[in-house]
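Comments concern the structure below.
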Amino acid sequence: MPKINTLLVTGGAGFIGANFIHTWLKNCEGNLVNLDKLTYAGNLESLSSVARHPRHTFIKGDIGDRGLLENILTEYRPDAIVNFAAESHVDRSISAPDDFIQTNVVGTFNLLESSLAYWKGLSPDRRVALRFLHVSTDEVYGSLNKEDPGFSETTPYSPNSPYSASKASSDHLVRAYHHTYGLPTLTTNCSNNYGPYQFPEKLIPLVIDHALTGKPIPIYGDGSNIRDWLYVEDHCRAIIAVLDKGTPGEVYNIGGNSEKTNLNIVRTICTIMDELTPLEDNRCHDTLITFVKDRPGHDQRYAIDATKIKKEIGWAPIETFETGISKTIGWYLNHAQWVKNVKDGDYQNWMETNYDKRK
């Protein structure tokens with residue numbers, strides 16, 4: 004595990020960020036400062052079990068607030084910074100791209116500027132040891148055909164949505180701050196995450212929720228789009244490993260070795276739900292599947308070549324899709340109140356915009 008006395012995490016109340024905090028506090032010794040703006044997808048309930056943990060400090064705030072960032076860096080003196088803070092849903096980026104530019108591009112720029120000023124003021128030994136890890140996505144690489152090899156760290160960027168374009172922009176800024184100023188950055192590009200605490204606008208928790216409540220299960224187009232699926236705890240272990248062993252300036256792709264079509268994902272969940280929570284009329288859950296109009300610019304396939312992180316860092320996923328989806332469904336069935344609490348008016352408005360109007 005990395006020898007970090009204090010870690011600053013941005014976006015730690017979101018899906019991946021919250022899981023990372025649980026993983027860090029369970030497996031690592033350092034203190035953790037969690038900065039989150041608490042937008043619709045940021046939920047402190049996801050961190051309720053560690054709210055009073057002696058090594059966890061929560062601060063509500065925006066990475067766009069440079070004064071706040073400078074105060075936090077000065078007060079807590081972190082040895083590493085992990086940036087999860089991002090707007091991350093493609094559909095929302097299509098209907099309202101402004102927030103994605105502001106958070107993912109301008110926010111990352113502000114975080115880099117503040118981190119650079121802080122880094123320059125450190126003693127030589129602490130400057131060498133500091134790490135700035137930027138968490139990104141495989142979507143920056145664009146779309147693959149079925150026969151194409153998976154994305155590697157040298158795959159040219161070709162983003163196709165406002166979301167992926169904003170993340171590509173932030174990746175380039177991180178790269179530039181290493182090569183221009185020497186800031187010891189690391190970038191990770193991961194495939195589709197799933198697991199506990201995921202906001203139910205994303206495919207897997209949405210399908211579980213609708214299967215549980217007997218609502219129509221919407222699928223874009225014909226459901227043939229392919230993604231590589233990564234259990235979120237495996238992703239968190241990978242980030243910790245890159246913090247520990249990664250080379251500054253390098254990029255590491257993180258994948259789950261589980262390529263599935265969206266339709267396959269939905270049918271797998273339906274089959275498991277048939278066994279665990281049968282519908283009242285004994286219908287199979289897959290009768291709830293409803294195909295809706297595809298979203299604009301929907302990428303056909305993502306796949307990750309994770310050779311580099313396995314060879315250089317020694318990381319590989321522990322969970323298969325089968326074990327990971329079983330754990331995920333079990334978690335949602337046991338945390339119905341969490342799901343109920345996050346499904347507020349904003350979620351209902353989003354469902355109407357992105358699915359109901361597409362039928």
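In my numbering, the protein residues as written are 4 to 362. Note that CB positions come from ideal geometry on N, CA and C, so glycine has one too. Keep in mind the model is a prediction, meaning the values are calculated, not measured.
- A distance below 6 Å between beta-carbons, with the five flanking residues on each side excluded, links residue 209 to the following residues of its chain, in chain order: 203.
- In the displayed model, residue 197 falls within a strand according to three-state DSSP.
- Residue 341 and residue 28 have their C-alpha atoms roughly 21 Å apart.
- Distances from the alpha-carbon of residue 324 to those of 87, 105, 236 and 48 put 236 closest.
- Distances from the CA of residue 21 to each of 128, 54 and 9 were compared; the closest alpha carbon is that of 54.
- Distance from the Cα of residue 274 is smallest, within the candidate group 332, 256 and 247, for 332.
- Per DSSP, residue 339 is one residue of the alpha helix (DSSP H) stretching across 339-345.
- Under the three-state reduction of DSSP output, residue 248 falls in the helix class.
- Around the C-beta of residue 317, fewer than 16 other C-beta atoms lie within 10 Å, and the residue is accordingly described as exposed.
- In this structure, the CA atom of residue 30 is about 20 Å from the CA atom of residue 312.
- Collapsing the DSSP output to three states places residue 9 in a strand.
- Buried is the label assigned to residue 192, since at least 16 other Cβ atoms lie within 10 Å of its Cβ.
- In the three-state DSSP reduction, residue 262 falls in the strand class (E or B).
- Judged by pairs of C-beta atoms under 8 Å, the stretch 131-145 touches the stretch 175-191, as three or more such pairs exist.
- Between the stretch 294-302 and the stretch 253-263, the count of C-beta pairs closer than 8 Å stays below three; the two stretches do not touch.
- Residue 206 holds the alpha-carbon nearest to the alpha-carbon of residue 269 among 206, 240 and 150.
- With distances taken between CA atoms, residue 37 lies nearest to 79 out of 6, 79, 44 and 69.
- By the 16-neighbour rule on beta-carbons within 10 angstroms, residue 8 is exposed.
- In the three-state DSSP reduction, residue 332 falls in the helix class (H, G or I).
- Taking the C-beta atoms as reference points, residue 88 is found nearer than 7 Å to residue 66.
- A direct Cα-to-Cα measurement between residue 326 and residue 159 gives close to 33 Å.
- Residue 231: not part of any alpha helix (DSSP H); member of the beta strand (DSSP E) spanning 229-234, first to last residue.
- Residue range 165-184 is occupied by the alpha helix (DSSP H) that includes residue 168.
- The beta carbons of residue 218 and residue 336 sit about 16 Å from each other, so the pair does not count as a contact at 8 Å.
- Our two residues, residue 172 and residue 328, have alpha carbons roughly 32 Å apart in a direct line.
- Collapsing the DSSP output to three states places residue 99 in coil.
- Distance from the CA atom of residue 271 to the CA atom of residue 131, rounded to whole angstroms, is 47 Å.
- Three or more Cβ pairs drawn from the stretch 183-199 and the stretch 112-122 lie within less than 8 Å of each other, which places the two stretches in contact.
- Taking C-beta separations shorter than 7 Å and ignoring five residues to either side along the sequence, the partners of residue 238 in its chain run 19, 193, 196 and 257, following chain order.
- Cα atoms of residue 95 and residue 310: separation of roughly 32 Å, rounded to the nearest angstrom.
- In the DSSP assignment, residue 39 is bridged to 63.
- Secondary-structure assignment with DSSP links residue 144 through no beta bridge to anything.
- Of the candidates 213, 245 and 246, 213 places its Cα closest to the Cα of residue 287.
- As computed with DSSP, residue 293 is found in a beta bridge with 221.
- Taken atom to atom, the span from the alpha-carbon of residue 140 to that of residue 124 is near 31 Å.
- Nearest to residue 11 by alpha-carbon distance, out of 75, 40 and 45, is 75.
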